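For the sequence shown, the working numbering begins at 47 and goes up steadily by one.
Glycine included, each C-beta is placed from N, C-alpha and C at the ideal position.
Every value quoted in this text rests on a predicted model; they were computed, and no experiment measured them.
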Amino acid sequence: MSRLGRSEIAHGEILTVGEMLRRFDRVGPEDVRRVAKRVLSQPLSVTVLGPVREGVVA
(Lines of atoms letter the chains of each structure in order from A and count residues from 1; the text may use other names and numbers.)
(Lines give C-alpha, C1' and ligand atoms only; values in the text may rest on other atoms or scores of the structure.)
Protein backbone atom coordinates (compact mmCIF):
# COMPACT_ATOMS: atom_id res chain seq x y z
CA MET A 1 0.00 0.00 0.00
CA SER A 2 2.81 2.43 0.82
CA ARG A 3 4.41 1.95 -2.61
CA LEU A 4 1.10 2.74 -4.29
CA GLY A 5 0.69 5.96 -2.32
CA ARG A 6 4.25 7.10 -3.04
CA SER A 7 3.81 6.35 -6.73
CA GLU A 8 0.57 8.32 -6.90
CA ILE A 9 2.05 11.31 -5.05
CA ALA A 10 5.43 11.37 -6.84
CA HIS A 11 4.30 10.54 -10.37
CA GLY A 12 0.58 11.20 -10.45
CA GLU A 13 0.11 7.59 -11.50
CA ILE A 14 0.44 4.14 -10.03
CA LEU A 15 3.43 2.38 -11.56
CA THR A 16 3.60 -1.38 -11.65
CA VAL A 17 6.76 -3.05 -10.40
CA GLY A 18 7.55 -4.02 -14.00
CA GLU A 19 7.25 -0.40 -15.20
CA MET A 20 9.47 0.79 -12.34
CA LEU A 21 12.12 -1.79 -13.29
CA ARG A 22 11.94 -0.74 -16.97
CA ARG A 23 12.47 2.90 -15.95
CA PHE A 24 15.42 1.93 -13.73
CA ASP A 25 16.97 0.05 -16.64
CA ARG A 26 16.84 3.20 -18.79
CA VAL A 27 19.07 5.12 -16.34
CA GLY A 28 22.60 5.25 -17.72
CA PRO A 29 26.01 6.32 -16.45
CA GLU A 30 25.65 9.83 -17.88
CA ASP A 31 22.34 10.27 -16.04
CA VAL A 32 24.04 9.30 -12.77
CA ARG A 33 26.96 11.68 -13.43
CA ARG A 34 24.62 14.57 -14.26
CA VAL A 35 22.57 14.14 -11.08
CA ALA A 36 25.65 13.57 -8.90
CA LYS A 37 27.26 16.74 -10.25
CA ARG A 38 24.12 18.75 -9.50
CA VAL A 39 23.62 17.31 -6.01
CA LEU A 40 27.27 17.26 -4.91
CA SER A 41 27.98 20.81 -6.12
CA GLN A 42 25.61 22.19 -3.47
CA PRO A 43 26.81 23.06 0.04
CA LEU A 44 26.33 20.12 2.39
CA SER A 45 24.43 20.36 5.66
CA VAL A 46 23.82 18.04 8.58
CA THR A 47 20.89 17.90 10.97
CA VAL A 48 21.23 16.05 14.26
CA LEU A 49 18.46 15.28 16.72
CA GLY A 50 19.24 14.28 20.25
CA PRO A 51 22.36 14.45 22.38
CA VAL A 52 25.60 14.58 20.42
CA ARG A 53 29.10 14.33 21.84
CA GLU A 54 31.41 17.19 20.96
CA GLY A 55 33.55 16.39 17.94
CA VAL A 56 31.17 13.80 16.50
CA VAL A 57 29.77 16.29 13.99
CA ALA A 58 32.28 18.69 12.50
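query = If you follow the alpha helix (DSSP H) that L67 is part of, which residue opens it and which one closes it?
reply = V63 to D71
query = By DSSP, does E100 sit in helix, in strand, or in coil?
reply = coil
query = How many Å lie between L67 and V94 at the Cα?
reply = 34 Å
task = Give the range of the alpha helix (DSSP H) segment to which L50 is assigned.
result = S48 to H57
ask   = Helix, strand or coil: how does DSSP classify V94 here?
value = coil
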